[in-house]
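All remarks here apply to the structure that follows.
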Amino acid sequence: MQSRAQIMDAYLFVGLLLAFVWSSSAQSLRTKEHCEGPSIPLNLTAVSGYWYEFSRLPKGMDIKCLSVLVPPTADTELKLILKYKITEDGKDRAIKETVSFPWDEATKNSIFVMKYGSASVTFKVLALFPTEVVFICSSQPAIKILTRDNDPKQADLNEFKTNFASMLGNVEMFYPDMTPKLCNAAVRPSTETAAILAILTLLSYLFQRNCCLLSIIYFYFYTD
């Protein structure tokens, strides 16, 4: 069990990394430089279980209540189960789907590329505390923070926001509502039509606004 001080230290480290990455991103838009790093073997055992979206930058699409279930093992494919909500015609729609990646050398070395025709987005995890928080960077640029806690205490949330704001200056992180009251509604598996709609919506946002598909997936770098 992690102490509160250790948890805060983890978030402080992520906040410092976030400030560095985003300041670099502003000078290297449309490049991968700010997300490059060594390829480190993926440790599924350490990262398995549920993760919940804590914050992201930029805000991007109206996706909320994102959770990702990571398996402890993989055979020929790494399958991640996603649950999230999107807004259609002013109403929230709960979606559940599975995203698969080949369990090849790239995936085993924490290199994940989502391809749609000629377009692709590369994701990396630049920092990980397996029991608390993970920091994700994409090549667009964009960033995301996931945590193990789907309902953080308001006092902790306020402290995180204050710390991040002091590090990022005028850059404002978006904090989606992850409260159980909002997110624990029944989730239905996505049908073929719903899956196609979700993909088209995400692709439209990718091409029109130069943002990545951060609400689709999360990835992990493991260091000894």
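Numbering (mature numbering (1 follows the signal peptide of the UniProt record, and there is no 0)), first residue to last: -26 to -1, 1 to 198.
Beta carbons are placed, not taken as given, at the ideal position from N, Cα and C, and that holds for glycine.
Just so we're clear, the structure is a prediction, and the values are computed from it rather than from any experiment.
- Looking from the CA of Gly34, the closest CA among Met152, Arg122 and Gln114 belongs to Gln114.
- For Pro154, the enclosing alpha helix (DSSP H) starts and ends at Pro154 to Cys157.
- Per DSSP, Ala68 is one residue of the beta strand (DSSP E) stretching across Lys65 to Pro76.
- The residue among Thr47, Lys155 and Asn137 with its C-alpha nearest the C-alpha of Met147 is Asn137.
- When rounded, the separation of the alpha-carbon atoms in Ile119 and Ile110 is 6 Å.
- About 19 Å separates the beta carbons of Trp25 and Glu51, which is beyond the 8 Å limit, so they are not a contact pair.
- Counting only the Cα atoms, Glu133 lies some 10 Å from Ala139.
- Taken atom to atom, the span from the alpha-carbon of Lys70 to that of Pro45 is near 16 Å.
- No Cβ-Cβ contact shorter than 8 Å links Lys57 with Thr72.
- Within its own chain, the residues whose Cβ lies closer than 6 Å to the Cβ of Pro154, once the five positions on either side in sequence are excluded, are Asp125, listed in chain order.
- With 16 or more other Cβ atoms inside 10 Å of its own Cβ, Leu31 counts as buried.
- A straight line joining the alpha-carbon of Ser22 with that of Ala101 spans about 16 Å.
- Secondary structure of Leu131 (DSSP, three-state): helix.
- The Cβ atoms of Thr96 and Val87 lie closer than 8 Å to each other.
- Under the three-state reduction of DSSP output, Ser29 falls in the strand class.
- Shown here for Ser74: same chain residues with a beta carbon closer than 6 Å to its own, the five before and five after excluded, namely Glu51 and Lys53 in chain order.
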